[in-house]
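Engineer: Shown below is the structure under consideration.
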Amino acid sequence: MGEPVAEPRLRQVVDGVFAWVQPDGTWWVNNAGAVAGDGAVLVVDTCATEQRTRRFLEALDEATGGVPVRLAVNTHQHGDHAYGNSLLPEAAVLFGHEAMREALLADFVIDGCPPFWTPVPDWGNVTRRVPDVAIRGEVTVFAGGRRVELRHPGYAAHTPGDVVAWLPEERVLFTGDLIFNGLTPLVMMGSVRGALESLEWLAAFGAEHVVPGHGSLADAASLPGILAAHERYYRLVLDVARKGREHGLTPLAAARGADLGEFAAWDDAERLVLNLHRAYADAEGGEVDLLTAFGDAMTCHGGPLPTRV
């Protein structure tokens, strides 16, 4: 038996800005957050299940003294950040990139999760809720007078529809899954090269406080090292993909023969094969077959992928 996983908790990043941190950040266990202004709260992402989302919203309600959630944003389409949307107040205006909205409308996993994970997640009483406002580039919203800039990098990275929430006055950046702090990044539905390019874009914000999509919070001192580790990992993926294609190997065979080096200890290491499927597809002008890719990930893992949802 491993060490017990720490409980999720709401952390105040700066006055009125909160991060909902859910250890250990592995499959389906994300971070979310909120910005509280005078008379209004903006929520950044929800969670995968009814239980996890209700716990987040209850903690937020307690911390803000019941200030209503009037705005919300999804950083991308994946269910760990978006399936709890339907538990937000009906009157709250939900923002997301137009590609994210389209992807969530087409998402079949919320209707019945394939048995790639064990236990198979029980989403609870959630229904599909997509953004009311679709972003293309960027938009600025105000939560009770607090300025929040919602920005898209301009290309696919973790997904085609990544959005960050940037508070320029407080220097707080919610990155969504453009950052996995201390865990294996996932770019199967985006672009390895785009994810690599996004690192410089993230650094340019000059953030003093960073809320990643998964893993521990970061600050101005730790962020450069985190971004550098992501860069080394993405370059490893591209190198393994290049060599694998040169030798006629499948993504699974290339992953099995790869030396992860410093990244072998990162949780969810089996994501290498998923990322290789993306790199192969991009190099060959194709698209990723999700069922095949996840089947290969299970093979790498030695069985269904673990989840604590």
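When you read off a place in the sequence shown, starting at 1, and then add 24, the result is the number in this note's numbering.
Yeah, the Cβ is synthetic: ideal placement off N, Cα and C, and Gly gets one too.
Could you check the C-alpha separation between G148 and S240 for me, to the nearest Å?
Structural biologist: 26 Å
Engineer: For S2, count neighbouring Cβ atoms within 10 angstroms of its own Cβ and tell me buried if that reaches 16, exposed if not.
Structural biologist: Here the chain has residues from 25 to 333 only, and residue 2 is not among them.
Engineer: Buried or exposed for F80, please, with buried defined as at least 16 other CB atoms from any protein chain shown within 10 angstroms of its CB.
Structural biologist: It counts as buried.
Engineer: Is Q75 helix, strand or coil by DSSP?
Structural biologist: helix
Engineer: Which stretch, first to last residue, makes up the alpha helix (DSSP H) that contains A317?
Structural biologist: In the DSSP annotation of this structure, the continuous segment of the alpha helix (DSSP H) that includes A317 starts and ends at L314 to H325.
Engineer: Would you kindly report the start and end of the unbroken alpha helix (DSSP H) that includes R280?
Structural biologist: P275 to R280
Engineer: Helix or strand or just coil, what does DSSP make of E194?
Structural biologist: coil
Engineer: In terms of DSSP beta bridges, what is I7 paired with?
Structural biologist: Absent from the structure is residue 7, since the part of the chain shown begins at 25 and ends at 333.
Engineer: If you reduce the DSSP assignment to three classes, tell me which class V172 lands in.
Structural biologist: For V172, the secondary structure class from DSSP, reduced to helix, strand or coil, is strand.
Engineer: What is the DSSP secondary structure of F42, counted as helix, strand or coil?
Structural biologist: strand
Engineer: Relative to the C-alpha of L220, which residue among W141, F166, L262 and L128 is closest?
Structural biologist: L262
Engineer: Is it true that the CB of V68 sits closer than 8 Å to the CB of A60?
Structural biologist: With contacts defined as CB atoms closer than 8 Å, A60 and V68 fail to qualify as a contacting pair.
Engineer: Would you identify the three-state DSSP class for D186, choosing helix, strand or coil?
Structural biologist: For D186, the secondary structure class from DSSP, reduced to helix, strand or coil, is coil.
Engineer: Less than 8 Å between the C-beta atoms of R171 and L197, yes or no?
Structural biologist: Not closer than 8 Å, so no.
Engineer: Could you pull out every residue in the same chain whose Cβ sits closer than 8 Å to the Cβ of W225, ignoring the five residues on either side in sequence?
Structural biologist: P177
Engineer: Taking 8 Å as the cut-off, does the region 304–321 touch the region 260–277 (at least 3 CB pairs, one atom from each stretch)?
Structural biologist: Contact between the region 260–277 and the region 304–321 is established, with three or more Cβ pairs separated by less than 8 Å.
Engineer: Taking the alpha carbon of Q101 as the reference point, which residue from L129, Q75, A305 and T331 has its own alpha carbon closest?
Structural biologist: Ranking the options by Cα distance to Q101, first place goes to L129.
Engineer: Sorted by chain position, which residues of the same chain lie with C-beta nearer than 6 Å to L34's C-beta, five sequence neighbours on each side aside?
Structural biologist: F42, W44, A83 and A87
Engineer: In angstroms with no decimal places, state the Cα-to-Cα distance between T73 and A244.
Structural biologist: 32 Å
Engineer: Let me make sure I understand the geometry here. Which of P145, F119 and M124 has the alpha-carbon closest to that of V165?
Structural biologist: F119
Engineer: May I ask you to report which of helix, strand or coil DSSP gives D292?
Structural biologist: coil
Engineer: Excluding the 5 residues flanking M25 on each side, which residues of the same chain have their C-beta closer than 6 Å to its C-beta?
Structural biologist: Reliability of the predicted coordinates at M25 is poor, the pLDDT of 29 falling under 50, and no value is obtained from them.
Engineer: Note down, in chain order, each residue of its chain lying with its Cβ closer than 8 Å to the Cβ of P9, except the 5 sequence neighbours on either side.
Structural biologist: Beyond the ends of the chain as shown, which are 25 and 333, falls residue 9; an answer cannot be given.
Engineer: Do G200 and T70 come within 8 Å of each other at the CB atom, strictly closer than that value?
Structural biologist: At a Cβ-Cβ threshold of 8 Å, T70 and G200 do not count as neighbours.
Engineer: For E294, does the count of other Cβ atoms within 10 angstroms reach 16, so buried, or fall short, so exposed?
Structural biologist: buried
Engineer: Would you kindly work out how many angstroms separate the C-alpha atoms of L66 and L95, rounded to a whole number?
Structural biologist: 5 Å
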